[in-house]
Structure formats: C-alpha cells, structure tokens
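Chain order of the listed sequences is A and B.
Under my numbering, the first residue of the first sequence is numbered 528, with each subsequent residue one higher.
Under my numbering, the first residue of the second sequence is numbered 100, with each subsequent residue one higher.
Ideal Cβ positions, reconstructed from N, Cα and C, are used throughout, including at glycine.
Presented below is the structure to which this report refers.
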Amino acid sequence: MTVRAAGFAGPAPVRRLATTVESYGQELVVLAVIAVLFLAVGLVNPRFLSSTNLVTIFAGNAYVAVAAIGMSMVIISGNIDVSVGSLIGVLATISGTLAVKGYPVVVAWLAPLAVGMAINAVVGVVVAYLRIPSIVATLGMLSILKGGLISVTSGAWITNLPRDYLIAQVRVFGIPFPVYAMAALTILAALWMRHSRFGRAIYAVGGNAEAARVAGIRIERSVVAVFAVHGVFAGIAAVLFATQLQVIQSTVPPNLELTVITASVVGGVSILGGTGTVIGSTLAAILFATIGSSLIFLNISAYWLRAVQGLLILATVLADMARRRRI
Amino acid sequence: MVRAALGRAFRHETVLALLLAGALAVLAGQSGRFLTADNLLNQGRLMAEVGLASLPMTFVIVTGGIDLSVGSIFGLAAILLGVFWHDLGLWLPIAMVAAVLVGGAAGLLNGVIVTRFRVPPLIATLATLALYRGLAEGISQARSVRGYPDWFFVLGQGEVLGVPTQLWLLLVLTAAAAIVLGLTTFGRTVYAIGANETAARFSGLAVDRAKMVVYGCSGLVAALAAVIFVSRVSTTRSDMGTGLELDVITAVVLGGTSIFGGRGTIIGTALGLALMQAMKNGLALSGVKGDGTIVVIGIVLIAAILLSNLLSRDGNA
Numbered sequence: 528m529t530v531r532a533a534g535f536a537g538p539a540p541v542r543r544l545a546t547t548v549e550s551y552g553q554e555l556v557v558l559a560v561i562a563v564l565f566l567a568v569g570l571v572n573p574r575f576l577s578s579t580n581l582v583t584i585f586a587g588n589a590y591v592a593v594a595a596i597g598m599s600m601v602i603i604s605g606n607i608d609v610s611v612g613s614l615i616g617v618l619a620t621i622s623g624t625l626a627v628k629g630y631p632v633v634v635a636w637l638a639p640l641a642v643g644m645a646i647n648a649v650v651g652v653v654v655a656y657l658r659i660p661s662i663v664a665t666l667g668m669l670s671i672l673k674g675g676l677i678s679v680t681s682g683a684w685i686t687n688l689p690r691d692y693l694i695a696q697v698r699v700f701g702i703p704f705p706v707y708a709m710a711a712l713t714i715l716a717a718l719w720m721r722h723s724r725f726g727r728a729i730y731a732v733g734g735n736a737e738a739a740r741v742a743g744i745r746i747e748r749s750v751v752a753v754f755a756v757h758g759v760f761a762g763i764a765a766v767l768f769a770t771q772l773q774v775i776q777s778t779v780p781p782n783l784e785l786t787v788i789t790a791s792v793v794g795g796v797s798i799l800g801g802t803g804t805v806i807g808s809t810l811a812a813i814l815f816a817t818i819g820s821s822l823i824f825l826n827i828s829a830y831w832l833r834a835v836q837g838l839l840i841l842a843t844v845l846a847d848m849a850r851r852r853r854i
Numbered sequence: 100m101v102r103a104a105l106g107r108a109f110r111h112e113t114v115l116a117l118l119l120a121g122a123l124a125v126l127a128g129q130s131g132r133f134l135t136a137d138n139l140l141n142q143g144r145l146m147a148e149v150g151l152a153s154l155p156m157t158f159v160i161v162t163g164g165i166d167l168s169v170g171s172i173f174g175l176a177a178i179l180l181g182v183f184w185h186d187l188g189l190w191l192p193i194a195m196v197a198a199v200l201v202g203g204a205a206g207l208l209n210g211v212i213v214t215r216f217r218v219p220p221l222i223a224t225l226a227t228l229a230l231y232r233g234l235a236e237g238i239s240q241a242r243s244v245r246g247y248p249d250w251f252f253v254l255g256q257g258e259v260l261g262v263p264t265q266l267w268l269l270l271v272l273t274a275a276a277a278i279v280l281g282l283t284t285f286g287r288t289v290y291a292i293g294a295n296e297t298a299a300r301f302s303g304l305a306v307d308r309a310k311m312v313v314y315g316c317s318g319l320v321a322a323l324a325a326v327i328f329v330s331r332v333s334t335t336r337s338d339m340g341t342g343l344e345l346d347v348i349t350a351v352v353l354g355g356t357s358i359f360g361g362r363g364t365i366i367g368t369a370l371g372l373a374l375m376q377a378m379k380n381g382l383a384l385s386g387v388k389g390d391g392t393i394v395v396i397g398i399v400l401i402a403a404i405l406l407s408n409l410l411s412r413d414g415n416a
C-alpha cells in the first residue's frame with residue numbers, strides 16, 4: 528500500500544499526507560459520504576442531528592460492524608463466509624436460551640463466543656485442509672445452520688429475558704454499550720491486523736499464498752485461525768444483537784450475511800484478498816445505518832432502502848475499480 | 100486439456116448418479132408414495148424454477164464467474180409482470196415478454212459491470228442483488244397482484260400430454276444447454292475462459308462478448324422462471340425468489356461444476372438438481388419438516404465435493 532505512494536514528489540509532510548490518503552482511500556471516501564449525508568439531511572430536517580437519533584444510528588447497527596470486522600479478516604485472507612447471518616442467528620438463540628434457563632448471564636454472554644469459534648474453526652479446517660473453496664463450504668454451512676436452527680426452534684420467540692442479561696441496553700455516559708464495543712473492537716482489531724504476526728500472515732496469505740508459503744507462513748493454520756477469530760466476532764455480534772430488545776426471535780436475521788459482506792467490501796476490503804482494513808468496514812456499517820435513518824427523515828418510503836443501498840454499493844465498487852486502475 | 104477436464108467431470112457425475120440411485124432406493128423403501136408417477140411429476144413441477152435458473156448458472160460458473168443476483172432478478176421480474184399487466188394495463192402476453200426482457204437487461208447490466216469495469220463477479224452481482232431486490236421492493240411497495248386470467252395458469256399449473264407444462268420447457272432447455280455447452284464453439288469458448296482467461300484472450304476468443312451472453316441469459320432465464328412461478332402460485336410478491344441463488348448454486352456445484360471455472364457439465368447440473376429435489380421430497384415424505392431438509396442438503400453439498408476431490412487425481416480443485 529505504501530509502496531504505491533513512493534512516486535509522490537514534494538516535501539515530506541505532503542508526502543506523508545499523500546501516503547495516508549493513498550492507503551486509506553476507500554475509508555476516506557466512505558467517511559466523506561457519511562459527512563455529506565449528515566450535512567445534507569441535517570439541513571433538510573434538523574431533528575436528524577438530534578442526539579437521540581445519532582445514538583440510534585450508531586447503536587442499532589453496531590452488531591453489523593462487529594460482525595464485519597471478522598468478515599473483513601476472512602476476506603483479506605482471500606476467503607469468504609456466506610454463513611455468518613445464520614451463525615449469528617444460531618448464537619443469539621443459544622445465548623438467549625441459556626439466559627432464560629437461569630445460567631449466569633456471564634455464561635450466556637461468553638458461550639456464543641466459544642461456540643462461534645468452534646463452529647468456524649471446523650469451517651476453517653474444511654477450507655484449509657480438505658481444500659473445499661470457502662464459498663462452497665460456507666454455503667453448505669449456511670444450509671446446515673439455518674435449517675438446524677429452524678427445525679429445532681420453529682422460529683419461536685424467546686421471552687422473559689433476565690434484566691441484567693440485556694447488555695446492549697446498558698448506557699455509560701448516555702451512550703449505549705454497543706457503541707463502545709464497536710469502537711474498541713475496531714481499534715483493537717485494526718492495530719492487531721497491522722502489527723501482529725497474525726495480522727501480517729493474514730495479509731500475506733490473501734495477497735499471494737505462494738509467496739507466503741515460501742516466506743515460511745503456515746497457510747493452513749492461518750486460515751483456520753482467521754475463521755476461528757471471525758467466529759468469536761460473530762459471537763460478540765450475536766450477543767449485541769440478542770440483547771438489543773426484550774425478546775429474541777430464534778430465526779436467522781434476513782439478509783444479514785449480505786449486509787455484513789457488503790460492509791466489508793464497501794469499506795475497501797478487496798474481494799480478491801490481501802488489502803483493506805477493518806476501519807473501513809466499520810465506517811461502511813455506520814454508513815448503512817445513516818442511509819436507513821436518512822430515508823426516514825426525508826420521508827422516503829422505507830421500501831426503497833435496499834435499492835438505495837444497492838446503488839450505493841455499486842457506485843462505491845465502480846469508484847474503487849476506477850481508482851485502482853488509475854494507480 | 101478440455102478432454103481431460105471432461106474426463107474428470109464425468110467421474111464426478113458417476114459418483115452423483117450412484118448417490119442419486121442410492122437416495123432413490125432408500126426413499127422408495129421408506130415411503131410407498133415416493134416412487135409414484137404423480138409424485139415424481141409433481142416434484143418435476145416444483146424443481147422447474149431452480150432447474151431453469153441453474154442452466155445458465157452452469158455457464159456462468161464454468162467461465163469462472165458467479166451470479167448472485169438471480170433471486171433478485173426473479174423477484175423483480177415477478178413484480179414487473181404484475182405491474183405491467185395490472186397497473187399499466189398491458190395485454191398479459193406482452194407483459195410477460197416485457198418482464199422477461201427486463202430480466203435479460205438486468206443480466207446484461209451484470210455483464211457490463213463484470214466485463215467493462217472489471218469488477219469481480221461475486222461483488223458485481225452482490226451489489227446488483229441488493230439493487231434489483233431493492234427495485235422490486237420499491238416498485239411494489241409491498242402490494243401483491245392477483246386475479247390473473249385462467250389461461251395464464253396453464254404455464255405453471257397445467258399439463259401437456261400428462262406432463263407438467265414447465266417440465267417440458269425445462270427438458271427442452273436442458274437439452275439445448277447441454278448441446279451448446281458440450282458441442283459448440285461457444286461452449287468451448289466458455290470452458291476456455293474458465294480454464295485460463297488470459298490464454299483465451301490471447302487466442303483471440305471473444306471473451307467479453309461470451310461473458311455478456313452468459314450473464315444476459317442468466318437474467319433472461321431467471322425472469323422466465325419467475326413468470327412460471329407466478330403462474331404456479333397465482334400471485335405476485337416482491338420477496339419472491341429470496342435465497343433462490345443459493346439453491347441454484349448448490350445444484351450447480353453439487354453437479355460437479357468447479358467454483359473456479361473451467362470444469363462442469365449440464366448433465367452434472369441436472370443430476371445435482373434431481374438429487375437435491377429427491378432429498379427434499381423424500382425427507383418431507385418421511386416426516387422431516389421443510390427446514391430439516393436444508394440441513395441435509397448442506398451436508399450433501401460438502402460431502403459430494405469432498406468425495407469428488409478425493410477421487411480426482413489432483414485433489415485440490
């Protein structure tokens with residue numbers, strides 16, 4: 528990423544700025560779109576910028592952002608996971624059931640992380656060692672998880688959740704817990720991806736698997752690890768999702784996997800692997816929430832939401848391709 | 100190279116045919132109702148929509164691409180059929196043709212994004228999946244259209260010579276697709292693109308044009324399937340075809356088409372489709388609820404790929 532900017536001439540500070548802009552190009556684009564949306568919609572309808580609405584925007588979609596962190600890592604490693612929505616549905620149901628059955632809330636919070644890690648580690652083994660392409664393996668997993676969940680629960684509502692279980696409704700300084708979780712996890716994951724051996728290995732495997740192998744990276748282990756870590760993030764996302772309301776519907780949240788994948792891609796993670804950051808995917812998740820809220824405040828029928836989202840994804844992807852070709 | 104690829108693919112198809120025979124035997128043993136002409140014809144009716152969409156999808160995946168937007172094009176075409184006929188007052192046959200053509204246009208747009216802008220197909224069609232479904236939802240505003248004339252239901256609920264109408268259509272198009280992919284220059288171009296796109300380009304093959312045709316057909320046929328579906332269920336809603344892409348891709352991949360391209364046959368896809376439908380039906384007859392069958396399909400998908408990986412010499416396709 529930084530190599531590209533080597534051609535920029537000029538004094539050092541300008542060069543450094545150019546480098547930053549270059550390596551965070553897509554992230555900056557998403558940030559700019561969010562800013563423009565806030566300004567434009569805020570001018571039309573000032574209530575859009577009320578603190579209540581801002582909190583709703585940031586808190587309501589935090590679980591998407593958290594799931595997108597893990598997804599970004601998987602995509603950076605050159606794989607994909609189309610089953611994450613089903614996994615979050617299953618983990619949310621497990622979490623809620625444990626809470627209702629009277630287990631300590633800590634168990635209900637942590638069990639999804641462990642189960643998510645275990646399930647996705649299995650997927651990672653299937654992908655890395657049995658050499659089944661990740662899109663096929665996770666397509667199969669999607670069927671297994673979704674079908675399994677509905678045949679066990681029949682989509683029943685889980686009610687009577689204990690009050691102290693609902694962690695997503697806890698507010699610190701007036702800001703809901705999921706916002707802190709989203710921010711902290713994004714920063715930690717970004718640092719981890721940039722500075723740890725794990726992170727570098729993931730970029731290397733996604734960028735050029737053969738070169739990574741020659742450099743001594745154990746590709747299979749890295750792939751299993753990245754799927755396992757992604758499972759933990761899915762577990763955290765599931766807990767945030769499950770504790771949002773007073774009830775949990777034990778089904779798969781519709782289209783969640785696509786929303787999560789889209790957040791990663793719009794945030795600048797190349798589907799070809801090797802590039803992108805988790806900061807971009809979090810910004811993209813916030814962008815989606817902003818768009819959804821904008822439509823409401825602009826009095827546009829919510830039925831157009833997905834069309835607007837689709838147009839936006841298309842525009843981002845085309846802009847990204849154009850930018851890449853210019854470089 | 101093409102011959103070697105075909106050889107490997109046939110081995111996968113043998114595995115599939117054996118799996119299918121085994122499944123049929125077990126299911127027939129479990130329920131007396133399974134192996135009756137009535138039941139089998141009805142299953143044919145039910146699998147026609149996924150079956151139709153899986154034909155061009157085989158071409159798309161053989162080129163090394165994928166089309167995730169078929170379910171959304173399906174939904175968009177269904178909604179437009181209702182809107183053209185009910186709201187715009189078009190003559191129903193014209194509305195049907197128009198809806199199918201819009202599907203083709205949507206597919207061509209996928210092709211343009213993939214060929215002109217060089218966007219990876221997974222991303223391009225992921226974006227249009229959201230876009231087309233969004234258009235369907237926005238246009239319909241959650242209203243449904245009913246009250247189609249009686250003749251329209253011949254397509255989805257009628258029979259010709261004792262066989263469901265859409266099953267005839269599926270059989271004819273399957274044969275046509277098998278001939279085009281297996282025996283024509285175009286089919287060879289499709290394999291060549293999937294095997295090595297750069298080499299195909301340098302060999303002077305019209306790579307981009309072939310891709311446009313393939314993605315265009317994918318949209319066109321998905322829309323045709325939607326018209327049949329509307330005729331079968333007598334109503335139009337914007338959420339029709341949600342998740343269809345997963346069923347279609349499962350049938351194609353189960354049929355031995357490599358997700359990396361270059362390898363796959365229509366016969367394989369037909370076998371994969373039949374195996375999927377037999378399992379759905381057999382499990383339903385033996386009392387497993389609809390959702391339990393999805394679990395089995397997921398397991399069979401992974402198992403079938405594993406098995407054929409183990410059997411093929413290079414093992415890492």
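{"Query": "Interface residues of chain A facing B/L230 [CB-CB closer than 7 Å]", "Result": "A834, G837, L838, L841"}
{"Query": "The stretch 647-656 of chain A / the stretch 787-802 of chain A touching (three or more Cβ pairs under 8 Å)", "Result": "no"}
{"Query": "Candidates B/F252, B/G363, B/A350: closest to B/I327 by CA position", "Result": "B/F252"}
{"Query": "Distance, A/A849 Cα to A/L676 Cα", "Result": "42 Å"}
{"Query": "Neighbouring residues, chain B, relative to A/L785 (Cβ below 8 Å)", "Result": "L225, L228, A229"}
{"Query": "Beta carbon proximity, A/R740 to chain B, threshold 9 Å", "Result": "no"}
{"Query": "Own chain, CB closer than 8 Å to A/L882, minus 5 neighbours either side, in chain order", "Result": "Past the boundaries of the shown model lies residue 882 of chain A; chain A is included only from 528 to 854, so the question cannot be answered."}
{"Query": "Neighbour flag for A/A849 against chain B, beta carbons, 9 Å", "Result": "yes"}
{"Query": "Where B/W190 falls, given that 16 or more other Cβ within 10 Å makes a residue buried", "Result": "exposed"}
{"Query": "Cα-Cα separation, B/T349 to B/L406", "Result": "16 Å"}
{"Query": "Cβ contact check for the stretch 233-246 of chain B and the stretch 311-322 of chain B: 3 or more pairs under 8 Å", "Result": "no"}
{"Query": "Test: A/I714 CB closer than 9 Å to a CB of chain B", "Result": "no"}
{"Query": "Alpha carbon of B/G246 to alpha carbon of B/L280, nearest angstrom", "Result": "40 Å"}
{"Query": "Alpha-carbon to alpha-carbon, A/F585 and A/V706", "Result": "6 Å"}
{"Query": "Residue environment, A/H722, which counts as buried when at least 16 other CB atoms sit within 10 Å", "Result": "exposed"}
{"Query": "Own chain residues within Cβ distance below 6 Å of B/A226, not counting five before or after", "Result": "none"}
{"Query": "Three-state secondary structure assigned by DSSP to A/Q776", "Result": "strand"}
{"Query": "Cβ neighbours of A/A806 in the same chain (closer than 7 Å, five flanking residues each side left out)", "Result": "Going by the sequence as given, residue 806 of chain A is Ile instead of Ala. Taken in chain order, the residues that qualify are E554, T713, A717."}
{"Query": "Classification of B/K379 by the beta-carbon crowding that lies within 10 angstroms, buried from 16 upward", "Result": "buried"}
{"Query": "Runs of beta strand (DSSP E) lying entirely within the stretch 260-323 of chain B, each at least 3 residues, in chain order", "Result": "none"}
{"Query": "B/T283 classed as buried or exposed, judged by whether at least 16 other C-beta atoms fall within 10 angstroms", "Result": "exposed"}
{"Query": "Alpha-carbon spacing of B/L139 relative to B/V213, whole angstroms", "Result": "39 Å"}
{"Query": "Contact belief for B/T90 with B/V161 at Cβ below 8 Å, rounded distance in angstroms", "Result": "The structure shown does not extend to residue 90 of chain B, since chain B is modelled only from 100 to 416, so the question has no answer here."}
{"Query": "Contact check, B/T341 vs B/G170, beta carbons under 9 Å", "Result": "yes"}
{"Query": "Option in B/A127, B/G303, B/A277 with minimal Cα separation from B/A377", "Result": "B/A127"}
{"Query": "Contact with chain B by A/A664, beta-carbon distance below 9 Å", "Result": "yes"}
{"Query": "Every unbroken alpha helix (DSSP H) inside the stretch 589-665 of chain A [4 residues or more]", "Result": "589-603, 611-627, 632-655"}
{"Query": "Span separating the alpha-carbon of A/G616 from that of A/F565", "Result": "31 Å"}
{"Query": "Cutoff 6 Å; reference A/L669; Cβ partners in own chain excluding five residues on either side", "Result": "V609, S610, S613"}
{"Query": "For A/M598 and A/E737, the rounded distance between their alpha carbons", "Result": "23 Å"}
{"Query": "Secondary structure of A/R745, DSSP reduced to three states", "Result": "coil"}
{"Query": "7 Å Cβ cut-off: residues of chain A touching B/R217", "Result": "M848"}
{"Query": "Terminal residues of the alpha helix (DSSP H) in which B/R232 lies", "Result": "220-239"}
{"Query": "Below-9 Å beta-carbon distance, B/L118 vs any chain A residue", "Result": "no"}
{"Query": "Span separating the alpha-carbon of B/I365 from that of B/A116", "Result": "14 Å"}
{"Query": "Nearest-angstrom Cα separation, counted from B/I396 out to A/A708", "Result": "37 Å"}
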